[in-house]
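Scroll down for the structure; my scribbles are underneath it.
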Ligand code: C2E
Ligand code: MG
Ligand code: MG
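Here's what the structure looks like:
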């Protein structure tokens, strides 16, 4: 009997230890009174390479009070491994209470978790932290600044005309540029771990109150990055940025408010001509509320088939013409907002460009103007032409040439009676692309005018290379004509140049008889301005000129 019993026990013990060896987790039993292990399974011994003593985890198995009954996580540096450890007190064979530990290796899960966390916190393209992480960190920095009675700053950066590089060189190069910029930003001392990409070409930098005294230095370093060209696709490209700056907690003490105010300041920087930094202040705010209002109303207005927009026509005169001097008109958009009243294009076109609403609005003007001109042509003024302003944003649309072709087809206007006015606000490096698009537009038979000449990046060299039919001198030169020698000479020289290279010259902003007389003496015949007529509603234009 006794033997049998012993045999029974042996079998029991064997199967028990087989189970313990195969449970898939580390198991150990420790007697704390004698400070020794009573049992360890193989899995446990492997996990700790037989050397729990001396390992940094030693303490885990030395004081059950540290762990109690709960599941706990521990990291072992030597092996770069993560464990969860469960502990409970059990009676041992001799009735003594001892500690039983089960240990699970969760390194794989941990690594996976970290990867997911990284993906959730970091921007896939640049490796910078993303918007989500930015908001988390900002909350932390605001709290810190408040607690320590300090001040921090948030810099909101938006690249200027990044779209041109992206569209012009292709997204691949756009990506290269974004990565290079990210890398340079991260190298600036003091902000190594507080640069964020918010999406697209927008970056945020947070300056905690500990680094706040370095603000000027950091701003200089950032400016330095953008003052140098980037070598892309075999050529040097300049890419500038605009920046809005807010201080916390001075300007706001929650994430949403700060980001909104930084965006307001950023928009102000853009509005003032880009390539600059603006600090947020309340004055900007007043105009920004207007802007938010404007934004909301403009979105609605474009949704409603552009009903609130109206195209006015300003006649263009040819002084050399006998009889009726009118040779056509420039289409100029007007927005009569139901909520905001009348808004000048100078105020809403830049915002429409910024918001990407210029395409539907511009498309509307193009369609209307061509319809109208076709109507004039059919009503006995075959020679009347219409000029339509095209924003650079529109011009860089991939399908702009198709859009124009479609309007020609829809309205039946003769292509040579449509002139598209473009400006030179493009960075010089996009010239090649601009030339190519204009060339394709011209091959439709449409004419191209260079608007506001003299105010942009104009280089006379480019003029010669560009597929342009008409140069329109900006009205600031005409304002000074007869008063400022430079203005006189400029207009005269551009007139002669246009003649030489076979382009037409149109002078806008002619307000007085004297100005007109002066221009006539310079042999300039194509003119436009209040002296003849203001931009007129279509009925009025037709009453006078049809
Ligand atoms: P712009 O193309 O250079 O148009 C000429 C501007 O000068 C017009 O201002 C016109 O009313 C004004 N003007 C004409 N003659 C005189 C004059 O004798 N004296 C003075 N002081 N001003 C004169 P407007 O209509 O306010 O348009 C401003 C700008 O907004 C335009 O400049 C153009 O760049 C833009 N714009 C207007 N309509 C459109 C459009 O449909 N699409 C786009 N993309 N831009 C447009
Ligand atoms: Mg124009
Ligand atoms: Mg102009």
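Residue numbers (my numbering): 1 to 546.
Beta carbons are placed, not taken as given, at the ideal position from N, Cα and C, and that holds for glycine.
All values reported here derive from a predicted model rather than from experimental measurement.
- Each of 375, 415 and 437 was checked against the Cα of residue 392, and the nearest Cα belongs to 437.
- Out of 363, 323 and 321, the CA that lies nearest to the CA of residue 333 is found in 363.
- By the C-beta density criterion, residue 443 is exposed, having fewer than 16 other C-beta atoms within 10 angstroms.
- According to DSSP, residue 243 shares a beta bridge with 157 and 277.
- Per the coordinates, the alpha-carbon of residue 31 lies some 15 Å from the alpha-carbon of residue 102.
- Taking all protein chains shown into account, residue 537 has fewer than 16 neighbouring C-beta atoms within 10 Å of its C-beta and is therefore exposed.
- Contact annotation: the segment 242-259 does not touch the segment 314-334, with fewer than three C-beta pairs closer than 8 Å.
- Segment contact: the segment 491-505 against the segment 296-310, fewer than three CB-CB distances shorter than 8 Å; contact not assigned.
- Closest option to residue 108, judged by alpha-carbon separation, among 97, 73 and 81: 81.
- By the criterion of at least three beta-carbon pairs nearer than 8 Å, the segment 379-388 is not in contact with the segment 344-360.
- Under DSSP, residue 538 shares a beta bridge with no residue.
- Taking a cut-off of 8 Å on C-beta distances, the segment 186-199 touches the segment 118-138, as three or more cross pairs fall below it.
- Straight through space, the alpha carbons of residue 542 and residue 216 are spaced by roughly 58 Å.
- Between the alpha carbons of residue 49 and residue 262 lies a distance of about 55 Å.
- Taking residue 176 as the centre and dropping the five residues before and after it, the same chain places the C-beta of 232 closer than 7 Å to its C-beta, in chain order.
- Relative to ligand 1, the beta carbon of residue 421 is positioned inside 7 Å of a heavy atom.
- Segment contact: the segment 260-275 against the segment 181-191, fewer than three CB-CB distances shorter than 8 Å; contact not assigned.
- The beta-carbon distance between residue 241 and residue 160, rounded to whole angstroms, is 6 Å. This is short enough to meet the 8 Å contact definition.
- Proximity of the segment 130-137 to the segment 221-230 falls short of the contact definition, fewer than three beta-carbon pairs being nearer than 8 Å.
- Nearest Cα to residue 418 within the set 346, 380, 446 and 401: 446.
- Here residue 372 is buried. Its C-beta has 16 or more other C-beta atoms within 10 Å.
- Sorting 532, 12, 344 and 74 by C-alpha distance to the C-alpha of residue 328 places 532 at the top.
- Around the beta carbon of residue 116, a 10 Å sphere encloses fewer than 16 other beta carbons of the protein chains shown; the residue is thus reported as exposed.
- Between residue 441 and residue 401 a beta carbon distance of about 6 Å is seen, short of the 8 Å cut, so the two are scored as contacting.
- Of the candidates 141, 148 and 205, 205 places its Cα closest to the Cα of residue 129.
- Taking all protein chains in view, the Cβ of residue 338 is surrounded by fewer than 16 other Cβ atoms within 10 Å, so the residue is classified as exposed.
- With respect to the C-alpha of residue 156, the residue from 163, 138 and 170 having the closest C-alpha is 138.
- Annotation for residue 343: the continuous beta strand (DSSP E) segment containing it runs 341-343.
- Per DSSP, the beta bridge partners of residue 419 are 387 and 447.
- Relative to residue 164, the option among 424, 84, 218 and 146 whose CA is nearest is 424.
- With at least 16 other beta carbons inside 10 angstroms of its own, residue 508 counts as buried.
- Taking a 10 Å sphere around the C-beta of residue 12, we find fewer than 16 other C-beta atoms and assign the residue as exposed.
- Taking every protein chain shown into account, the CB of residue 466 has 16 or more other CB atoms within 10 angstroms, so this residue is buried.
- With a cutoff of 8 Å on beta-carbon distance, residue 528 and residue 317 are scored as near each other.
- For residue 26, the CB contacts under 6 Å within the same chain, skipping 5 residues up- and downstream, are 43, 44, 47 and 103 in chain order.
- The beta carbon of residue 269 lies closer than 7 Å to those of 242, 243, 244, 276, 277 and 278 in the same chain, with the five residues before and after it left out.
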